[in-house]
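*Asks:* Taken in order, the sequence shown gives residues -27 to -1, 1 to 145; the numbers are from mature numbering (1 follows the signal peptide of the UniProt record, and there is no 0).
Glycine residues also receive a C-beta, built at the ideal position from the N, C-alpha and C atoms.
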Amino acid sequence: MKKRLYILLVLACFSTGSFLSHTQARAEERKGIQVQAVSLSHIHMNTRYIDGISIQKTMDKHVLSLKDFLHQHPQWTLIKKTKTDVFLERKVDDLSPVSKAVGVLGLKNGNTLTLFNGSPEHNQIIQTFFQIDIHALQAKDFNRLKTGIPITNKEAYQNMLHLFAKYEVNVD
């Protein structure tokens, strides 16, 4: 009888130890999941366009694996990572939505080829290119630049830069 009682006691200890060990392992597992779920990252996504405009979007996201996140977003390049922030960048070979909507090529200070946000009169500069010899320009091209030439797509942007590059003044 004592032998049976001893065996039952030993089995009970093993069962209890196994149960407690399993319960503790599950609690630690849940705790690990909670820690992962709590780690929120601030994702800063910067898009750079050929017209010099950068648009930054920031979102808060739970990122379990930065490698997997970048694999899902191959157009983005990792610039910097801190404990709570991830900085990504992508370059877009096109005009920004701003330039497509209101971009106007004109002259700043009378001789500097410049892309403006709206009319050159308002002097809201998007990008400055180079000085041009306005005396070498045809009168119609000079007048167009004074009033502003709308730029609505990449092709028009590149064509205008190419056209006026011939008149660039070397400022050495």
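Skipping 5 residues on each side, what residues in its chain have a beta carbon closer than 6 Å to that of G121?
*Replies:* Against the sequence shown, residue 121 aligns to sequence position 148. Excluding positions up to five away in sequence, the list reads V77, G79, S92 and P93.
*Asks:* Could you give the first and the last residue of the continuous beta strand (DSSP E) run that contains H17?
*Replies:* Taking the first residue of the sequence shown as 1, we reach residue 17 at position 44. Note, H17: beta strand (DSSP E), L13 to Y22.
*Asks:* Once the 5 residues before and after K81 are set aside, which same chain residues still bring their CB inside 6 Å of it?
*Replies:* Residue 81 sits at position 108 when you count from the first residue of the sequence shown. Counting only Cβ-Cβ distances below 6 Å, and skipping sequence neighbours, we find T87.
*Asks:* Leaving out five residues before and five after N84 in sequence, what residues of the same chain have Cβ atoms less than 7 Å from its Cβ?
*Replies:* To locate residue 84, count along the sequence shown from 1; it is residue 111. Excluding sequence neighbours, N84 sits near Q104, I105 and I107.
*Asks:* Once DSSP output is grouped into helix, strand and coil, what is the label at H135?
*Replies:* By 1-based counting over the sequence shown, the position of residue 135 is 162. Helix.
*Asks:* In this structure, how does DSSP classify V142 when only helix, strand and coil are distinguished?
*Replies:* On the sequence shown, residue 142 is found 169 positions in, with the first residue counted as 1. Coil, per DSSP.
*Asks:* What are the partner residues of I28, as DSSP defines its beta bridges?
*Replies:* For the purposes of this step, residue 28 is taken as residue 55 along the sequence shown, with counting starting at 1. Partner(s): T20.
*Asks:* Is the separation between the beta-carbon of D24 and that of S72 shorter than 9 Å?
*Replies:* Here residue 24 refers to the residue found at position 51 when the sequence shown is read from its first residue. Here residue 72 refers to the residue found at position 99 when the sequence shown is read from its first residue. Closer than 9 Å, so yes.
*Asks:* Rounding to the nearest angstrom, what Cα-Cα distance links I98 and D66 in this structure?
*Replies:* By one-based count along the sequence shown, residue 98 stands at place 125. By one-based count along the sequence shown, residue 66 stands at place 93. Spanning the two alpha carbons is a distance of roughly 20 Å.
*Asks:* When DSSP builds the beta bridges, which residues end up paired with K81?
*Replies:* The residue given as residue 81 occupies position 108 in the sequence shown. Its beta-bridge partners are T85.
*Asks:* Which residue's Cα is closest to the Cα of L61: S69, L39 and A74?
*Replies:* For the purposes of this step, residue 61 is taken as residue 88 along the sequence shown, with counting starting at 1. Nearest C-alpha to L61: L39.
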